[in-house]
Structures are given as C-alpha cells and as structure tokens.
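Read the structure below first, then the notes.
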Amino acid sequence: MSEHSSESHAESTETMSAHDIQHKWQKYWAENETFLAGGAEDDRPRKYILGMFPYPSGDLHMGHAINYLYPDIVARYWRHRGHNVLNPIGWDSFGLPAENAAIKRGADPREWTYKNIDQHKAGFRGYGMSYDWSRVLHTSDPEYYRWNQWLFLQLHERGLAYRRKSSVNWCPNDQTVLANEQVVDGRCERCGAEVVKKKLTQWYFKITDYADRLLDDLDGLEGHWPHKVLQMQRNWIGRSTGADVDFRIEGREEPVTVFSTRPDTLHGATFFVVAPDADLAAELVSGASAEVRARFEDYLATVQKQTEIERQSTDRPKTGVFLERYAINPVNGERLPIWAADYVLADYGHGAVMAVPAHDQRDLDFARTFELPVRIVVDTTVDGGANAGEDLAELDPVATGKALVGTGSMTGSGELDGLDKSAAIASTIERMEASGTGRSAKNFRLRDWLISRQRFWGTPIPMLHLQDGTVVPVPEDRLPVTLPSVEGLDLRPKGTSPLGAAESWVRTVDSTSGEPALRDTDTMDTFVDSSWYFLRFLSPNSDQFAFDPEEAKRWAPVDGYFGGVEHAILHLLYARFITKVLHDMGLIDFDEPFTNLVNQGMVIMDGAKMSKSKGNLVELSDLLGQYGADALRLGLAFAGPVEDDKEWNGVSISGAHKFLSRVLRVGDETSSPVGADASAGDIGLRRITHRLLADAPGLLEQTKFNVLVARLMELVNGIRKTIDSGAGAADPAVREAAETVALMLEPISPHTAEELWERLGNEASVSAVPWPDADPALLVEDTVICAVQVGGKVRATIEVSAGLSEADLEAAARSDERVQRALEGKEIVRVIVRAPKIVNFAVKG
497 MSEHSSESHA ESTETMSAHD IQHKWQKYWA ENETFLAGGA EDDRPRKYIL GMFPYPSGDL
557 HMGHAINYLY PDIVARYWRH RGHNVLNPIG WDSFGLPAEN AAIKRGADPR EWTYKNIDQH
617 KAGFRGYGMS YDWSRVLHTS DPEYYRWNQW LFLQLHERGL AYRRKSSVNW CPNDQTVLAN
677 EQVVDGRCER CGAEVVKKKL TQWYFKITDY ADRLLDDLDG LEGHWPHKVL QMQRNWIGRS
737 TGADVDFRIE GREEPVTVFS TRPDTLHGAT FFVVAPDADL AAELVSGASA EVRARFEDYL
797 ATVQKQTEIE RQSTDRPKTG VFLERYAINP VNGERLPIWA ADYVLADYGH GAVMAVPAHD
857 QRDLDFARTF ELPVRIVVDT TVDGGANAGE DLAELDPVAT GKALVGTGSM TGSGELDGLD
917 KSAAIASTIE RMEASGTGRS AKNFRLRDWL ISRQRFWGTP IPMLHLQDGT VVPVPEDRLP
977 VTLPSVEGLD LRPKGTSPLG AAESWVRTVD STSGEPALRD TDTMDTFVDS SWYFLRFLSP
1037 NSDQFAFDPE EAKRWAPVDG YFGGVEHAIL HLLYARFITK VLHDMGLIDF DEPFTNLVNQ
1097 GMVIMDGAKM SKSKGNLVEL SDLLGQYGAD ALRLGLAFAG PVEDDKEWNG VSISGAHKFL
1157 SRVLRVGDET SSPVGADASA GDIGLRRITH RLLADAPGLL EQTKFNVLVA RLMELVNGIR
1217 KTIDSGAGAA DPAVREAAET VALMLEPISP HTAEELWERL GNEASVSAVP WPDADPALLV
1277 EDTVICAVQV GGKVRATIEV SAGLSEADLE AAARSDERVQ RALEGKEIVR VIVRAPKIVN
1337 FAVKG
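Counting in the numbering used here, the sequence shown runs from 497 upward without gaps.
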C-alpha cells in the first residue's frame, strides 16, 4: 500500500472534494517526477507527443483546454503501453501581441510576457497535464534565440538567407512587413488591417530552393496528416510546368524572360504585359514620352493601393497604360506592344507575361477593352477538342467575349499545325532550346520567406553593416546578440524598427576586422522560432548546441503532433523547410518533422470561435475552480470527435462531475481483496470489461476519445448493476472492472483515476500500470440479437446463439409470433439469411 492508502478511508467521496483529490495527486506527481522522460539509458520504445506550443496572451481558456487535453491523453496512454514518452511544453513568447500590450501599458514587453507565462504554467499544472517540466522553454529567452541566430547563420552560409530590395506586404497598422502567408484575403492575419505594397530592403530565407521537395514529400504524409492540410500546402506551393521564354525588347540589351505554361501558343501572342510595380515597368517607361510617364505614375499610385486579391479578380474592368515600347516574339519576329496592367503581379514568374487573348480570359478582357488583336491558334472544335463538332467561326472570342480554353489542335502556328497540346509544347521547347530563346522551366506560387520585421520584440538578426556597405555575419562565438533595454526607446510602430534608436546597441565593432559597424535593426519573423522548437525540447538546457544530434536520433521526428488547422500553411510549411535544411546539413536523419498530425476542432461560443479578441472567453481558471480539472477534461473529451468543432453550450461539465462521483463510490464500495481471482465472477460484467480492454487501444490511437468515455460509462453502469444484485460488491468481477475503469480513465481524468486506484487498495500510481490484455475467451459472444425483417422492415428482434446455423436461424425467426403476424396474407418470395444477425423475408401481396 502507498503512503496515501494509509490515510483515513472515511475521507471518501462525500468528505474529499475534487480539489482535494487534485491537489493530493499533483503534489505526488511533482514529488515523484512521474512524467519525466527517460534518458539515454532507458531502453523502452520512445514516443514523442507534442501540442503546438501556446502564445502567452492572458489566461488559458477553453480553446487551450481542449487543444492541450488531446495530446496529454495520448501521452498518458503510451506510458501505459510501456513507452518512454516525451510530452514537453514551452511558450512561443516573442511577437506583436506582447509588444502592442507593452506599448499600451507603457511597459517592457518582457514583463507582460513572463507574467502571462507564469499564469499559463499555473493553469496547466492545475489542469493535470503530464508535462516533463524539466524541459520548459521560452523563445524570448536569450538561451533560446541564440540558436535562432545560429540557424540564420547556417542558412546564410549556404546561400539560403539573403537580403534584397523588393515590393513587400506592409501592414500600416502594425507598421511591419508580412510574409505572403500572413496576408489573408488582403488583410493582416494578426490585426485585420488592409495590407499595402511597399518597397524595402529585407532579409529572406530561400524556401523556393526546396519547393519541389516540399511538394513531392507531401505524398508520403497521406494517411498520416489530414488530407485537407496536404491539399492546402499543395495549393500554396502551386507548381506549374512550362517554359521560360526570352523576349528581346527594342532598345534594351538584355532580354526579358517570361514564364508560360503554354509555350505552344506563342504564335497567338499579340501583346506583352508587365506588372506596374515591377522594376521592369519603371525602366521601360523611363524612355517614353512625358505624357505617358505621368499617366504611368498616376496608374502606379492607384495600383499600390490595391490588394493582390483585388488585382486578380476576374470580374473587374481591365486597366493599363501603353509604355510606348515593343517586345519581339522569338518564334515569328512580330513586334508586340508592351503594356503595364494590374492583373499581372510583380512576383509572379518574372513580373511579365506574354498575352494570348484568344485562349486566356484575362488577356481577352484586356484586349477587348483596348481593341488589341486576337488570334486563334488552338482549334478546339476538332475531334477530341473542348468544343468538338461546333463551328469555330461562331466561337470567335472577340464576338462572344469568351476565350477558347481546353484541348484541341494547333492552327495558324506554322510547323506546329495539327499537333495536340503536349506534342506542341515539347516541339516548341525543343526549338527554343536549339535557338537559345527559351527552355523548359517550373514556376511556383510559393515565394521566398520574408523574415524581416520592423519591431522590437523578436530575435535580432545577427548581421553587421560595415562602413563600405558590406554586410557580414556576427561570429558564432559572439552569439547571442541580445535585445537592449527598452529604457528610453519608443516602441510605437513607426515604419522603422525601434532598435534603430538604441544607438549604444546599434553602434558596435566587427570583431573579425576591428572596423566600426552597425547592427541590423530588424528582428526575425516569430515563425522562425517555431520552425525548429520541437528539436530544442531534446536539449533545452544546452549551451553547446541547438540540439544534440544523438538525442534527435533517439526521439525525433515527432510521433504525434496536435494543433489547429489554421497553422496548415504558415507554421507547418516553415517547420518542414527548416527540417529539410537541417537534414541536408547532416544534423538529423529525417526530413519531415511530424510523422502524424491531428487537427482538433475549435470551441464555439455564441456562433464564433472562442477567443480573446471576440470577448467570448470561458477561462480555464473559472472552470477549475467550479468543477475541478477532471470533470472539465472528461466533459471536453466526451463532447464529440476530436476534429469537430465543439459548441460550448453543449458541453456538460456538471454531468461529467456527477459521473466521476459515481466512479469514486465504486471504489469505496468494492470489497473483494486485491488480487482476487475474477474468473468466478459475474460473467456478463467480465465480458463488458474485456471487450473494453480489447477495443480501448484502437479508440485511443484513433483519437476516438468520446467513444471511449461512452464505453467507460457503460462499464460503470455494469459495475453498479452487479453491486446492487447477486454477490454485490464482494464479486471479484467488480474489482476487475473497477481497476479497468481506473486504468482507462487515467489518460482523461487522471486525478480521479489515481484516487480510485488507491481506494481499491492498490499501490500508487495507476499512471505507471501496464495495459492488461483482454481474455480472448471473454470476447466470444454466446448470444447475439438478430433482426428479422419482413418486406425490408424490422418486425422483430430475437436473441439467438452466436453459432446458430442459417437453417436453424430461419426456423427461429419463423416461429416468432410477431413475425408470423407480419407474414399473414403474404407470399414469401425469398428468404435472405445472414447468420447470426439478419433474417429478411422478401414478400408480395
């Protein structure tokens, strides 16, 4: 017996509250370091379970409660299955919310951040989370972000981190740049402000170098990640195949390269379009007349106020400016007028397109607006074409306003005439490669990852700007470059980083050359922090390396990763990229970070996602105070499938609380001794127990927690029925069932499970008890319920032997009075028997 078992047994359900039980067992776990992951000497199989780590913005609420419950259930389950489990927690503690809160309060963002982290930690401890508290990390600690800077230097050394001037997404509210992925429907995904374009010199990670692998490797995650997430990533990466075509520009020495998925239609190009905000447009218009230059500047100012979504809309009028310049079509030498038009984006391909209006709807709309030529080069009316059998003349795009898209054969294209699409593309590319005017190519929707942020509360970029304009890295032995004090700094967003005003911090010396230097004043996108944090958990306290490669071999990749679908593109894509880089550096032996991904649904209240910004929060501390952790955990687990949204008003915490009280009463009433032989006990109860023992692993591994709770309720009802009749509480089958309840309840409601286990007279702790095997003999059903249908409708159910033959089953069905009444006056046409569950009499009359 444990020391807890010697406490007065009279301190039962009636006298010991859920909070007393909670405090007792949380104290036990802390004192015994119950959930620490085993070290290198631990030879048990390993499981790495992880929830996407939280941002410390105020108290925990029900969204957090459900997000972090699920991985905790799984982690606890695998401990029962004999695994060495790593289940860590940390905080994604850099970022704009902390900085904005500090500005509002006139405080240091550190104060707000770490105060909230302390509040989160207390909430998670009170919630009974089985975290390895020796591995906690905060990304705003210099001990962590030092390794962000180390990672930056590794990418820079390999040409994967670079600096360039370009048109960027700018949030006028937060006064900082955003990566493409952080713009949702043309607005800042953080604050909702409408995003504009701005030219800035910024730091990028060259994620496009990994675009093919990021796309192709998604195939290996099918069946392990939600299909919806995989499709979202595929669409975001957006690979297109085609050709890069070199167009000579009159009066320009260097040709302009255009990417096209349909180089076969080059003979149908009748004009050339560049993005107004591309550098090429500014260069080309510089040689135009004063009138055109003025018109272009006005047009550019209008375009820069538009979102990319607005520019790409198909139902808005086409606008543009002729630049008084011409491009030369490489396949036929024709002069193509060059226009600046907003439907072309500066960062698509090379910021320019060849326009084939007969076969592209946006090009056609533009051509009709400005009365430009339209030339058909794909006959879609031929056999097998998209408009097979129709009259080509009646499909004239100029008259109908509809471009001819789809399959067909080439026409008006010289030696390509008569070829289908694939043959014409191959022939065109071959000819261009021979003449040096083009080549096969791929293009991606994915753009390089813009990581510069003009804010204070983030990882300083470890680069130095020398007096001669060169930019050099901070030596690794000088890391971390720590943030300065906020004293005297104005953190309010102003378009440039607040760090620029910290002169004593900005002005430094390059330790390699001894020259005066200026620190880079931008900070890193916080998605850098979360792109590799799962590896830092393996060596959270090391000052020698970001993570120990040997620990990575032992633990990684993550076996079960839990988080919201809102991270399907941003976080997951970046984590996959950094993992592949680290793999190529030889530091890890895998190139996908998360073997299995589970997306949980949201908690809905008043028709909206529960969130601080919407003011519809139910805070964790309030529920813990009212009902305790276990009732909340059980109620949320029972609320529905993991992936479904949960309507808060439909979650019954009070009902869960009552059920747990029933569970503890079972422990108080069970009177058979520990180790009693259950084989002579109530056979019906033993069957329920062992069916649950057999089914529970599958339910837990498939995250069907709500079904497991329902089955536990069924078992408790069975125990109650046995206690109240026959041998009663002394029946050893009651003990077997009650111990099974304790074991299977532990992942969901661990405090109650521990208490039940102890009240049953067992040694603490149930969290370490191995999962028992079900008795196969008790899984065989002696009798089953058979449904008897007449004319396809169920007319009776009968209890029959599980091994009954088809002939005997039919006879048993015919002898039932209810079936006989249903058959009166009808002719039996056919009898279908599926022993032992179904008999169907097909009748007429």
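Ideal Cβ positions, reconstructed from N, Cα and C, are used throughout, including at glycine.
- In this structure, DSSP gives Arg-941 a state outside helix and strand, which the three-state scheme calls coil.
- The three-state reading of DSSP puts Val-849 in strand, counting E and B together.
- The residue from Asp-637, Ala-598, Gly-559 and Asp-568 with its alpha-carbon nearest to that of Trp-587 is Asp-637.
- Gly-1257 and Asp-1304 have their C-alpha atoms some 49 Å from each other.
- Here Arg-1003 is exposed. Its C-beta has fewer than 16 other C-beta atoms within 10 Å.
- Beta-bridge analysis with DSSP links Pro-956 to Thr-1019.
- With a cutoff of 8 Å on beta-carbon distance, Gly-1124 and Ala-514 are scored as near each other.
- Around the beta carbon of Gln-963, fewer than 16 other beta carbons sit within 10 angstroms, so the residue counts as exposed.
- For Trp-721, no alpha helix (DSSP H) run applies, since DSSP gives it neither H nor E.
- Non-local C-beta neighbours of Ile-805 in its own chain, meaning closer than 8 Å and more than five positions away in sequence, comprise Asp-681 and Gly-682, ordered along the chain.
- Taken in chain order, the complete alpha helix (DSSP H) segments of 4 or more residues contained in the stretch 840-884 are 857-865.
- In the three-state DSSP reduction, Leu-546 falls in the strand class (E or B).
- Within the stretch 612-696, complete alpha helix (DSSP H) segments of at least 4 residues are found at 638-653, given in chain order.
- Around Ser-1168, the same chain offers Ala-1225, Ala-1226, Asp-1227, Pro-1228, Val-1230 and Arg-1231 as residues with beta carbons nearer than 8 Å, after the five sequence neighbours per side are excluded.
- Nearest neighbour of Gly-547 by Cα position, chosen from Phe-1134, Glu-529, Ser-1027 and Pro-567, turns out to be Pro-567.
- Checking the DSSP bridge columns, you'll see Pro-969 partnered with Met-959.
- Below 8 Å, enough C-beta pairs join the stretch 1324-1341 and the stretch 1271-1291 to call them touching: three or more.
- Between Lys-1142 and Val-1099, the gap from beta carbon to beta carbon is short of 8 Å.
- Judged by DSSP in its simplified three-state form, Phe-1041 adopts coil rather than helix or strand.
- In the DSSP assignment, Pro-593 falls within the unbroken alpha helix (DSSP H) covering 592-601.
- Proximity of the stretch 979-988 to the stretch 1024-1038 falls short of the contact definition, fewer than three beta-carbon pairs being nearer than 8 Å.
- For Ile-745, the CB contacts under 6 Å within the same chain, skipping 5 residues up- and downstream, are Val-752 and Ala-823 in chain order.
- Just so you know, the alpha carbons of Phe-767 and Pro-869 end up roughly 8 Å apart.
- Look at Asp-742 here: in three-state DSSP terms it is strand.
- Considered as a whole, the stretch 1187-1233 harbours 1201-1219 as its complete alpha helix (DSSP H) runs of no fewer than 4 residues, in chain order.
- Cβ contact annotation for Glu-607 (same chain, cutoff 8 Å, sequence separation greater than five): Ala-598, in chain order.
- In the structure shown, the three-state DSSP call for Gly-535 is coil.
- Cβ neighbours of Leu-841 within its own chain (closer than 8 Å, five residues either side excluded): Ala-771, Glu-804, Arg-807, Gln-808 and Gly-847.
- Following the DSSP letters along the chain, one finds Met-1101 inside the beta strand (DSSP E) bounded by residues 1099-1101.
- The distance from the Cβ of Ser-736 to that of Lys-693 is about 23 Å, inconsistent with a contact at the 8 Å cut-off.
- In the displayed model, Gly-1056 falls within a strand according to three-state DSSP.
- Note that the stretch 1209-1220 touches the stretch 1175-1188; at least 3 beta-carbon pairs, one per stretch, sit closer than 8 Å.
- Across the structure, Gly-965 and Ala-937 are spaced so that their CA atoms are roughly 35 Å apart.
- When rounded, the separation of the alpha-carbon atoms in Asp-811 and Leu-1093 is 38 Å.
- DSSP, read as helix, strand or coil, puts Tyr-700 in strand.
- With a 10 Å radius around the Cβ and a threshold of 16 neighbouring Cβ atoms, Asp-614 comes out exposed.
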